[in-house]
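If you're matching positions, the sequence shown starts at 0 in numbering that gives the first Met the number 0 and goes up one per residue. Notes for the one structure printed next.
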Amino acid sequence: MGKNRIILAYIPCPSRKEAKRIANHLLRVKLAACTNIFRIESAYLWKGKIESGKEYLLIAKTTLKMFEALKNEVIKIHPYDIPCVLRISADANEKYFRWLCAELI
Numbered sequence: 000m001g002k003n004r005i006i007l008a009y010i011p012c013p014s015r016k017e018a019k020r021i022a023n024h025l026l027r028v029k030l031a032a033c034t035n036i037f038r039i040e041s042a043y044l045w046k047g048k049i050e051s052g053k054e055y056l057l058i059a060k061t062t063l064k065m066f067e068a069l070k071n072e073v074i075k076i077h078p079y080d081i082p083c084v085l086r087i088s089a090d091a092n093e094k095y096f097r098w099l100c101a102e103l104i
């Protein structure tokens, strides 16, 4: 593990509008310093059947220290009954890491 460790929170959302709403909320309450939204197609098991559909993937960049609070906040405001909030660790370049940490103080 590098010293400039950041967390990418991986959060599928049902629509672009919902992804933007959650992203803006996380930025406003300083649980994420940056967000990205991508259109994706998901396939998954639901009640024993294979389902698929279009979703929007929200990636929220945060620190390890802030991830639990971010996860709990997303679970509170996400429209899905069982929201997915995954933690992905990544090494950032020094300047980006310093910027991200400074924004979340």
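Ideal Cβ positions, reconstructed from N, Cα and C, are used throughout, including at glycine. All of these numbers come straight from a predicted model, not from anything done at the bench.
(message) Comparing C-alpha positions only, which one of Y79, I104, L63 sits nearest to K2?
(response) L63
(message) Can you tell me whether Y95 is helix, strand or coil according to DSSP?
(response) helix
(message) Report the start-end ranges of each alpha helix (DSSP H) in the stretch 27–55 that is 4 residues or longer and not cut off at the edges.
(response) none
(request) Determine the direct distance from the alpha carbon of I81 to that of L25, and round the result to whole angstroms. (result) 19 Å
(message) In whole angstroms, give me the CA-to-CA distance for C12 and K48.
(response) 20 Å
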